[in-house]
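Take 27 as the starting number for the sequence shown in my numbering and just add one per residue.
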Amino acid sequence: FKDHFQQNEPYHHYLQLARQTILSGIAPRTLNSYWTAWKGFQSFHLSANIKFPSFDILTVSSFLCYCRNSLKVRASTTKVYLCSIHFFHKLLFGTTCPSLIHPQITLLLKGFQWLRHPESCIYVLRSVTTDTVDRTLESLFLSAFFGFLRCSEITAASTSFDPSSQPCLSDISILSSDTLTFYLMKSKTNQLRSGTLNYFFKLCSYVSPYESLSHYAHLRTAAGALPTDPLFVNEKGCILTRDWFLSHLYDILLTAGYPPEQFSGHS
């Protein structure tokens with residue numbers, strides 16, 4: 027609160043009590059984040075020789091750029107810093123901070139999101155593995171995404187292959203120039219092995235499961251693979267295991283700038 031009362035004023039005690047009550051309504055972890063951001067805001071004022079606290083648009087936008095470039099704060103954390111400024115502004119003045127709803131701040135945050143992943147990201151990712159592995163991973167990712175498939179449904183727990191229950195090359199069927207099916211013999215929700223047909227279509231997009239899977243199946247067949255061979259294989263031609271997939275997924279996320287520990291290969 028902005029303290030308008032002297033120590034000897036009769037309402038001073040209640041003012042302190044109101045401040046403590048408001049702070050007790052904030053989750054401890056959130057409050058700690060707010061305090062950290064507020065101290066950073068104060069340090070920025072000191073380094074720039076600005077009267078603290080200043081909430082004008084120039085100071086706030088400069089502080090955000092300072093956090094991004096000097097403190098290496100992530101785009102998501104920047105929003106927490108803004109929430110902190112907003113919170114303390116309301117404590118001090120009882121109103122919303124006008125600078126935080128300024129269009130310039132919105133554009134600045136959007137710019138931080140774009141800077142998070144450079145435009146050349148796709149070229150960097152393509153240099154991580156060989157062309158063969160690239161084709162395999164692309165087919166895996168797109169079939170899992172568009173077919174809502176679990177990791178256990180398209181990979182194996184070990185290197186042993188059972189064509190009666192695991193995906194084979196013959197499970198891919200080209201129906202037309204824009205449609206194919208993937209026959210899934212067994213899944214977590216279909217333990218009786220009655221089989222499920224997953225349809226994949228050609229899309230007007232640079233990510234299309236039809237092109238990826240049909241091209242992958244064609245390359246496998248051209249390389250001499252039999253219809254009863256595993257659908258997805260590694261560099262040695264063995265069935266793709268869960269460990270192989272998770273290892274490559276980890277490397278790709280790391281290269282793309284995403285924290286791998288925040289993702290799971292379960293689904």
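Where a beta carbon is used, it is the ideal one built from N, C-alpha and C, also for glycine.
Bear in mind that the values here come from a model prediction, so they are computed numbers and not experimental data.
Please classify residue i as buried or exposed, where buried requires at least 16 neighbouring CB atoms within 10 angstroms.
i           : result
residue 288 : exposed
residue 61  : exposed
residue 125 : buried
residue 284 : exposed
residue 232 : exposed
residue 197 : buried
residue 195 : buried
residue 274 : buried
residue 39  : exposed
residue 117 : exposed
residue 202 : exposed
residue 171 : exposed
residue 47  : exposed
residue 104 : buried
residue 119 : exposed
residue 208 : buried
residue 123 : buried
residue 227 : exposed
residue 63  : buried
For the alpha helix (DSSP H) holding residue i, just list the boundary residues, first then last.
i           : result
residue 195 : From DSSP, residue 195 is part of no alpha helix (DSSP H); its letter is neither H nor E.
residue 225 : Unbroken run through residue 225 is the beta strand (DSSP E), 222-227; no alpha helix (DSSP H).
residue 243 : 235-248
residue 298 : In the structure as shown, the chain begins at 27 and stops at 293. Residue 298 is therefore absent and cannot be evaluated.
residue 65  : 54-74
residue 157 : 157-173
residue 119 : 101-119
residue 83  : 83-95
Could you spell out where the beta strand (DSSP E) holding residue i opens and where it closes?
i           : result
residue 208 : 205-210
Quick test of your reading: residue i and residue j, contact by CB under 8 angstroms. State the CB separation rounded to the nearest angstrom.
i           : j           : result
residue 189 : residue 267 : So it is not a contact: roughly 16 angstroms between Cβ atoms.
residue 130 : residue 83  : 6 angstroms
residue 235 : residue 169 : 6 angstroms
residue 173 : residue 224 : 4 angstroms
residue 67  : residue 127 : Going by Cβ atoms, the distance from residue 67 to residue 127 rounds to 18 angstroms, so no, they are not a contact pair.
residue 257 : residue 193 : 4 angstroms
residue 115 : residue 81  : 6 angstroms
residue 99  : residue 59  : With a Cβ gap of about 12 angstroms, residue 99 and residue 59 do not count as contacting.
residue 271 : residue 166 : 7 angstroms
residue 261 : residue 158 : 7 angstroms
residue 221 : residue 206 : Actually they do not touch by this definition, with Cβ atoms about 16 angstroms apart.
Which residues does DSSP pair with residue i in a beta bridge?
i           : result
residue 259 : 265
residue 184 : Residue 184 pairs with nothing; no bridge assigned.
residue 213 : 216
Q. When the Cβ atoms of the stretch 239-259 are set against those of the stretch 122-141, are three or more pairs found closer than 8 angstroms?
A. With the cut-off at 8 angstroms, the stretch 239-259 and the stretch 122-141 do not touch.
Q) Does the count of Cβ pairs from the stretch 206-217 and the stretch 175-193 closer than 8 angstroms reach three? A) At 8 angstroms Cβ cutoff, the stretches touch.
Q. How about the stretch 36-49 and the stretch 78-98: do they share at least three Cβ pairs that are nearer than 8 angstroms?
A. The stretch 36-49 makes no contact with the stretch 78-98; the number of CB pairs closer than 8 angstroms stays below 3.
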